[in-house]
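Numbering (the numbering used here), first residue to last: 97 to 275.
Since the structure comes first, as structure tokens, the remarks are kept for the end.
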């Protein structure tokens, strides 16, 4: 028996129907826990965690509601998915070290760490060339939100389910971001 299926355009109505039926989940808005991150906090709310039988993986909805940079590294990669619904949020800043962790810590210890050794990037949403990327393992980085009006900036992260964060020792140097 042949069962012909008519190809349909991808529409909001069709995707909403499939979502209501439990077939899929569109990544339109972050989890409520991430959107409501308390001042001074970072919230990562699982969207899903894979069954360990198939590999330990998860998708997180992350809300950043603090402005104090604290660099970390992870022993494996993670993907950033900056999908926004067009609502106004406070600026989301990603700080990335241009140096490997060891060299960064060594320069901090020696007092020779320079602003050019790191970069603070104001992230953008929904841009195919800029909003979806992998942070490589071992790269010192962190996210902060600028103070001001607007909602808590949120984004999605896919990573290994048990991925630890390891604090980077900057020997007492405090990072700040400015415009």
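Ideal Cβ positions, reconstructed from N, Cα and C, are used throughout, including at glycine.
At a Cβ-Cβ threshold of 8 angstroms, residue 264 and residue 201 count as neighbours. At a Cβ-Cβ threshold of 8 angstroms, residue 261 and residue 168 count as neighbours. In this chain, residue 111 is not harboured by any beta strand (DSSP E); it is covered by the alpha helix (DSSP H) spanning 108 to 116. Taking a cut-off of 8 angstroms for Cβ pairs, the segment 213 to 222 and the segment 152 to 161 do not touch, as fewer than three such pairs fall below it.
Within the model, the alpha-carbon separation for residue 244 versus residue 132 is close to 15 angstroms. Under the three-state reduction of DSSP output, residue 216 falls in the strand class. Taking the C-beta atoms as reference points, residue 255 is found no nearer than 8 angstroms to residue 190.
Closest in alpha carbon position to residue 112, among 175, 185, 121, is 121. It is roughly 8 angstroms from the alpha-carbon of residue 183 to the alpha-carbon of residue 247. Counted as a single uninterrupted DSSP element, the beta strand (DSSP E) harbouring residue 256 occupies residues 250 to 256.
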